[in-house]
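S.K.: In my numbering, the protein residues as written are 36 to 183.
Just so it is clear, CB atoms sit at the ideal spot from N, CA and C, and this is done for glycine as well.
Right, I'll just put the structure down here and ask away after.
Following this line, the structure appears as C-alpha cells:
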C-alpha cells in the first residue's frame with residue numbers, strides 16, 4: 036500500500052517533469068502551418084516574447100516537479116503555482132490556435148488554409164497534463180523513512 040502511494044507520487048512527478056519539458060521544447064517548434072495557393076505550405080512560430088513566456092511556464096512546471104521526485108510534499112502555494120502555469124499554457128494554446136486559424140482564414144479566405152503545428156500541441160497537452168499531475172500531487176502524502 037505504501038509502495039503504491041510512493042509509485043503514484045513518482046509517476047505524477049515524472050509526468051509533471053515531462054509535461055514541463057514538452058512545453059519548453061514545444062515553445063520553439065512551429066506553432067502553425069499556413070497553406071498559400073501559389074507558394075505552398077510554410078511553418079510559422081510565435082514572437083520571441085511568446086516563445087520565452089511559454090518556455091518559462093514550462094520551466095516553472097518542470098522545476099516544481101524536482102522536489103516531488105525527491106519525495107518531498109509540495110506546499111499548497113507551490114501546487115497552485117504549478118497548476119496555474121500548466122493551465123496558462125493550455126489556455127494560451129487554445130487562444131493562439133483559435134487566433135491563428137481565424138487570422139489565416141481571413142488572409143487566405145480558405146477553410147483549409149491553416150493547421151496547428153507540433154509546438155502548439157506540445158504546449159497545450161503538456162500544460163494540461165502538468166496541471167493535472169500537479170493537482171494530483173497535492174493529495175498524496177510524502178515519503179517517510181519507513182517507505183524507503
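From residue 62 to residue 86, what does the alpha carbon distance come to, in whole angstroms?
M.R.: Sequence index remark: in the chain shown, residue 62 carries index 27 (1-based). Sequence index remark: in the chain shown, residue 86 carries index 51 (1-based). Between residue 62 and residue 86, the C-alpha separation is close to 5 Å.
S.K.: Determine which residues share a DSSP beta bridge with residue 46 and list them.
M.R.: Looking up residue 46 in the chain shown gives position 11. According to DSSP, which records beta bridges pairwise, residue 46 is partnered with nothing at all.
S.K.: Is the beta carbon of residue 132 closer than 7 Å to that of residue 155?
M.R.: Taking the first residue of the chain shown as 1, we reach residue 155 at position 120. Taking the first residue of the chain shown as 1, we reach residue 132 at position 97. Cβ atoms of residue 155 and residue 132: closer than 7 Å.
S.K.: If we call anything under 7 Å between Cβ atoms a contact, is residue 92 one with residue 123?
M.R.: Residue numbering aside, residue 92 sits at position 57 when the chain shown is read from its first letter. Residue numbering aside, residue 123 sits at position 88 when the chain shown is read from its first letter. Against a cut-off of 7 Å, the Cβ pair of residue 123 and residue 92 comes out as a contact.
S.K.: So who's on the other strand from residue 79, going by DSSP bridges?
M.R.: The residue labelled residue 79 in the question sits at position 44 within the chain shown. Looking at the DSSP assignment, residue 79 forms a beta bridge with 67.
S.K.: Whole angstroms is fine: what's the gap from residue 65's alpha carbon to residue 80's?
M.R.: Within the chain shown, residue 65 is the residue found at index 30, counting from 1. Within the chain shown, residue 80 is the residue found at index 45, counting from 1. Roughly 5 Å between the two C-alpha positions.
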